[in-house]
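Residue numbers are given in full-length UniProt numbering: position 36 of the sequence shown equals residue 36, and the series is strictly consecutive. We treat Cβ as the ideally placed atom computed from N, Cα and C, and that holds for glycine. First the structure, in the form of structure tokens, and then the observations on it.
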Amino acid sequence: MKIPKQDCPLLRLEWNKRDPRFIATVGMDSNKVVILDIRFPTTPLMELSKHKASVNAISWSPRTGRQICSAGDDSRALIWEVVSKDGVRPDYSGAGANSQVEPEMLYGSTAAINNVSWSPAELDWIAIAFLTKLQLLKV
Numbered sequence: 001m002k003i004p005k006q007d008c009p010l011l012r013l014e015w016n017k018r019d020p021r022f023i024a025t026v027g028m029d030s031n032k033v034v035i036l037d038i039r040f041p042t043t044p045l046m047e048l049s050k051h052k053a054s055v056n057a058i059s060w061s062p063r064t065g066r067q068i069c070s071a072g073d074d075s076r077a078l079i080w081e082v083v084s085k086d087g088v089r090p091d092y093s094g095a096g097a098n099s100q101v102e103p104e105m106l107y108g109s110t111a112a113i114n115n116v117s118w119s120p121a122e123l124d125w126i127a128i129a130f131l132t133k134l135q136l137l138k139v
């Protein structure tokens, strides 16, 4: 499968463990997370592009598979709703990746966030790493 219109090497890939139709990708030095539906691999389902600097990490919610957290050099962790309960994109307008999607939640840290991981056991908790710190966020 070829990722559509990717201008840079891929840095991160993350399968949605609750809904294996979806995979999230991040390109090197990119502020976008591209969500693909493998049933339609040539057209991104959506591009999450509200980071102000490079995205460093992504993690899908293990609870529903409808949410993903992205974190980056802009010192922000953003939580996005990718698919609603009825299986439709929240902002679906038929515009594909050109639609602007707003994050559901935002957390700001004091430095670039290097990694993010959604807890598989405590489903309301996300761990982020920045500088020499580990911080837990309840969502």
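What residues are listed by DSSP as bridge partners for residue i?
{"i": "residue 127", "result": "117, 136"}
{"i": "residue 79", "result": "69, 105"}
{"i": "residue 43", "result": "Per DSSP, none; premise fails for residue 43."}
Residue range of the beta strand (DSSP E) that residue i falls in?
{"i": "residue 110", "result": "From DSSP, residue 110 is part of no beta strand (DSSP E); its letter is neither H nor E."}
{"i": "residue 46", "result": "46-48"}
{"i": "residue 56", "result": "55-60"}
{"i": "residue 18", "result": "Counting along the chain, residue 18 falls outside any beta strand (DSSP E), and DSSP gives it neither H nor E."}
{"i": "residue 23", "result": "22-27"}
{"i": "residue 35", "result": "33-37"}
Could you pull out every residue in the same chain whose Cβ sits closer than 6 Å to the Cβ of residue i, ignoring the five residues on either side in sequence?
{"i": "residue 137", "result": "107, 126"}
Taking the beta carbon of residue i as the centre, do at least 16 other beta carbons fall within 10 Å, making it buried, or is it exposed?
{"i": "residue 40", "result": "exposed"}
{"i": "residue 121", "result": "exposed"}
{"i": "residue 29", "result": "exposed"}
{"i": "residue 95", "result": "No answer about residue 95 holds up, because its pLDDT of 47 lies below 50 and its placement is not dependable."}
Considering only residues of the same chain and omitting the five flanking positions on each side of residue i, which have a CB-CB separation below 7 Å?
{"i": "residue 49", "result": "31, 32"}
Thinking C-alpha only, which one of the options is nearest residue i?
{"i": "residue 7", "options": "76, 25, 38, 71", "result": "25"}
{"i": "residue 67", "options": "122, 120, 16, 34", "result": "16"}
{"i": "residue 118", "options": "76, 59, 102", "result": "59"}
{"i": "residue 103", "options": "110, 79, 109", "result": "79"}
{"i": "residue 130", "options": "27, 69, 77", "result": "77"}
{"i": "residue 55", "options": "61, 73, 100", "result": "73"}
{"i": "residue 110", "options": "123, 100, 135, 101", "result": "135"}
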